[in-house]
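What follows is one structure encoded as structure tokens, with my remarks underneath.
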Amino acid sequence: MNQCKIYLLRGVVASTIVLYALLIHGQVPMKVTGSASQLSSTCYELTPDSKNQEGNIMSRQKIDLKKDFTIAVTMNFGRENFITSGADGIAFILATDTIIPVSGLGGGLGYIGVTPSLVVEFDTYQNVPYNDPAEDHVALIRNGSPNHASNTISG
0 MNQCKIYLLR GVVASTIVLY ALLIHGQVPM KVTGSASQLS STCYELTPDS KNQEGNIMSR
60 QKIDLKKDFT IAVTMNFGRE NFITSGADGI AFILATDTII PVSGLGGGLG YIGVTPSLVV
120 EFDTYQNVPY NDPAEDHVAL IRNGSPNHAS NTISG
């Protein structure tokens, strides 16, 4: 993928953004770490199309929680040709901490241990130790624990 496409994700709470995906499109200045890279002034690639990659993109400015905001994002979960499959998914993290390290590969999706937090998890791989459902799923999770048996609000 060489260009950003726009899809809207609306919310009411955010201060930090971390996504494990291929592309994000935005107008807010971002901090890029790990395998992530900036493709243009408003387009970021979170991970290249290769194995064992991890990327982190965080907003450099906090969002006023009393006002509506819009985040535009395109997500590719690594199945462009429907032959190979990617893993593990993408996490959209809402947190008060402005320093979230890239925290390892796999089922933690970059948010493991980030507390307090509220996470929208787009999970494409079943990690049995985290009680993941067998199918792809979206979940709302709190306080940095990807374990679906304890901290899942929904999903």
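Numbering (numbering that gives the first Met the number 0), first residue to last: 0 to 154.
Where a beta carbon is used, it is the ideal one built from N, C-alpha and C, also for glycine.
About 4 Å separates the beta carbons of Leu-108 and Ala-90, which is inside the 8 Å limit, making them a contact pair.
Fully enclosed beta strand (DSSP E) runs of no fewer than 3 residues occupy 36-39, 42-44 of the stretch 31-57, in order along the chain. Per DSSP, Ile-152 has no beta-bridge partner at all. For Asp-87, the closest C-alpha among the options Gln-37, Tyr-124, His-147 is that of Tyr-124. Around the beta carbon of Leu-139, fewer than 16 other beta carbons lie within 10 angstroms, which makes this residue exposed.
When secondary structure is reduced to three states using DSSP, Val-127 falls in the helix class. In the displayed model, Gly-88 falls within a strand according to three-state DSSP. Per DSSP, Val-137 is one residue of the beta strand (DSSP E) stretching across 136-141. By the Cβ criterion, the stretch 56-70 is not in contact with the stretch 140-147, since fewer than three pairs of Cβ atoms, one from each stretch, lie closer than 8 Å.
Between the alpha carbons of Ala-133 and Gln-60 lies a distance of about 37 Å.
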